[in-house]
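Protein chains in written order, with our numbering: chain F, -11 to 194; chain W, 177 to 559.
Below, the structure is given as structure tokens:
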């Protein structure tokens, strides 16, 4: 009988101590925010969305290589000799047209590993979190500022120049070979000597 | 719950065994765990845990990535409730292989952060445990506290759950200016909350009746199954890697190892395991206070970070104490860029394998309590 009373008393007491805690909380201000109306400001440096400052990008591809999930797609075209792309704000010379710089935020796992290797600090996370989409393909962000026509033009030019350079190189090689032959004809005695350094030079240039 | 099949064990008798699926979408299985329960009435005769619903090939990924640094975000995703502790284990393993010297300030920040993470993880574990047993209110109050820790982490690393904050040789970036102030403030406000939790939940008669003498795990069984962490300490064994095999700078701090006492029931029951977690939070607060006092104000946290990690051939087993128990990384390195093999010894997996041994003969309602009290995270079980 006494145990029943004691048990009953402890139960009663423990329930009412608990109730006391709840009542004290009842009179405290609410800790929640009513989201769409009230928005929490994310702290500086919050990792919510990747952003690329395309003017500063030099197309080095380091971020794409650091990404563990391969969500960054970069395609570059060598700038032709008649164009000067200028320099980035950090002073690095730009040598490539960025024909494609896509980041698939649906794949991104927000690890921030891509931001560290960047030599110009042009890829970074921004505290912007409201970018949900109905279609997954809309989460692929295109950062390249070139129009498709421009991309075609740039590619064509680059191809032309590359071809010209190739032809030039071949012509030079031929000339050199011819020269070497002439030399060999005029000086027939030291035959193997001049050939070797010539070969080396060719290798270096090619 | 879905009834799988009915079968008569003995055609003459009235007794029937029933196999029931608990999970993988059951709210109290803490993720996607499927338990096959063989029932005799309401008494559980056998439990068969089925895992693999969250398998993400962590070990294979680690081999294929070809880089030591890229593995860190994947360790976060093993036990997403205590991501910082998971990172710390991996990072320490690589640092030991590299024989790197870590700056003092980094070590202190790491300790503070991993102890905060331990508190956050225990808050979730305790809250969810109470929630499983019908105590909804403490869950909300504890989450309010957990939110404060996550806010500190968000200011520090930029992320709220999967941080990728610790890197080999240091930290990703320096802590914000008011980190010390924020943490001290949290420690101050959190102490009374533990007392409040004890009033509200720990010594509540209904809660005690639901957890005392349930799922008793004797010390010997726990050792045979290689249990660790609060599960092992709940059975009365004083074993904590922070004291017994100190890593980082844990040997500098003064703290106790709380163990189960069998206060309200048998030693090693659900209540003991729960109470060990509550008391551990107090000890974590003590460590944080000491670390805040000792933390140097100046220093570059990225000074020891190697540009490129190049390892010789070698292997290491490195274990750390996470909120769930002993997390070990076994890493074999070769001369290539990334690890040759990474094996993670996950405490949750070990504890889940113990479930059949401790839940035989209990009721279905007690199964919920037992699963909650071993505090498993399915992301870590399946990896």
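By construction, the Cβ of each residue, glycine as well, lies at the ideal position given by its N, Cα and C atoms.
With C-beta atoms as the reference, is residue 344 (chain W) less than 8 Å away from residue 477 (chain W)?
no
In chain order, what residues of the same chain lie with their CB nearer than 7 Å to the CB of residue -5 (chain F), ignoring the 5 residues before and after it?
none
Using a Cβ-Cβ cut-off of less than 8 Å, list which residues of the region 298 to 326 of chain W approach chain F; keep chain order.
313, 317, 320, 323
Length at least 4, wholly inside the region 363 to 449 of chain W: the alpha helix (DSSP H) runs in chain order
381 to 387, 395 to 400, 405 to 410, 417 to 420
Quick one, are the C-beta atoms of residue 557 (chain W) and residue 522 (chain W) less than 8 Å apart?
yes
Starting from the beta carbon of residue 284 (chain W), find every residue of chain F whose beta carbon is closer than 9 Å, and list them in chain order.
None at all; the shortest Cβ gap to chain F is about 21 Å.
Is the region 189 to 205 of chain W in contact with the region 539 to 556 of chain W, if contact means three or more CB pairs nearer than 8 Å?
yes
Below 8 Å between beta carbons: does that hold for residue 294 (chain W) and residue 340 (chain W)?
Taking C-beta atoms as the reference points, residue 294 (chain W) and residue 340 (chain W) fail to come closer than 8 Å.
So what does DSSP say about residue 87 (chain F), is it helix, strand or coil?
strand
Taking the alpha-carbon positions, what's the residue 238 (chain W) to residue 49 (chain F) distance?
22 Å
Residue range of the unbroken alpha helix (DSSP H) whose run includes residue 284 (chain W):
Secondary structure note for residue 284 (chain W): its alpha helix (DSSP H) is the uninterrupted segment 280 to 308.
Do residue 101 (chain F) and residue 172 (chain F) have their CB atoms nearer than 8 Å?
no
Taking only beta-carbon atoms, is residue 56 (chain F) less than 8 Å away from chain W?
yes
Quick check: the Cα distance between residue 325 (chain W) and residue 10 (chain F), rounded to an integer number of angstroms?
22 Å
Identify every residue that forms a DSSP beta bridge with residue 130 (chain F).
F:90
Does the CB of residue 408 (chain W) have a neighbour CB from chain F at under 8 Å?
Proximity of residue 408 (chain W) to chain F, defined by a Cβ-Cβ separation below 8 Å, is not satisfied.
With a cut-off of 8 Å, does the C-beta of residue 241 (chain W) fall near any C-beta of chain F?
yes
How is residue 163 (chain F) classed by DSSP in three states: helix, strand or coil?
Taken through DSSP and simplified to helix, strand or coil, residue 163 (chain F) comes out as helix.
Distance, residue 29 (chain F) Cα to residue 155 (chain W) Cα
Residue 155 (chain W) falls outside the range modelled here, since chain W spans only 177 to 559, and no answer is possible.
By alpha-carbon positions, which one of W:354, W:518, W:503, W:502 ends up nearest to residue 509 (chain W)?
Cα-wise, what sits closest to residue 509 (chain W) is W:518.
In chain order, what residues of the same chain lie with their CB nearer than 7 Å to the CB of residue 88 (chain F), ignoring the 5 residues before and after it?
61, 62, 63, 132
Taking residue 107 (chain F) as the query, report the chain W residues whose CB atoms sit under 9 Å from its CB, ordered along the chain.
Those within 9 Å of residue 107 (chain F) in chain W number zero; the least Cβ separation is about 13 Å.
Could one say the Cβ of residue 258 (chain W) lies closer than 8 Å to chain F's Cβ atoms, at least one of them?
no
Which bits of chain F does residue 379 (chain W) rub up against, with CB to CB less than 7 Å?
2
For residue 139 (chain F), the three-state DSSP class (helix, strand or coil):
Correct three-state label for residue 139 (chain F): helix.
Could you tell me the distance, in whole angstroms, from the CA atom of residue 348 (chain W) to the CA atom of residue 342 (chain W)?
6 Å
Excluding the 5 residues flanking residue 259 (chain F) on each side, which residues of the same chain have their C-beta closer than 6 Å to its C-beta?
Summary: the structure shown does not reach residue 259 (chain F), with chain F confined to residues -11 through 194, and so no result is reported for it.
Closest by C-alpha distance to residue 354 (chain W), when choosing among W:435, W:329, W:373, W:455
W:329
Whole angstroms is fine: what's the gap from residue 548 (chain W)'s alpha carbon to residue 321 (chain W)'s?
20 Å
Helix or strand or just coil, what does DSSP make of residue 210 (chain W)?
strand
Considering only their Cβ atoms, is the gap separating residue 165 (chain F) from residue 113 (chain F) smaller than 8 Å?
no
For the region 304 to 311 of chain W against the region 383 to 396 of chain W, are there 3 or more C-beta pairs whose distance is under 8 Å?
Touching, yes.
Suppose you measure from the CA of residue 96 (chain F) to the CA of residue 346 (chain W); what does that come to, to the nearest Å?
Taking the straight line joining both Cα atoms gives about 24 Å.
Using C-beta distances below 8 Å, list every residue in its chain close to residue 338 (chain W), excluding the 5 sequence neighbours before and after it, in chain order.
249, 252, 253, 256, 259
So residue 392 (chain W) and residue 445 (chain W) are in contact, right, with Cβ under 8 Å, and what is the actual spacing, rounded?
5 Å
Contact set for residue 395 (chain W): own chain, Cβ-Cβ below 6 Å, skip 5 residues either direction
411, 412, 413
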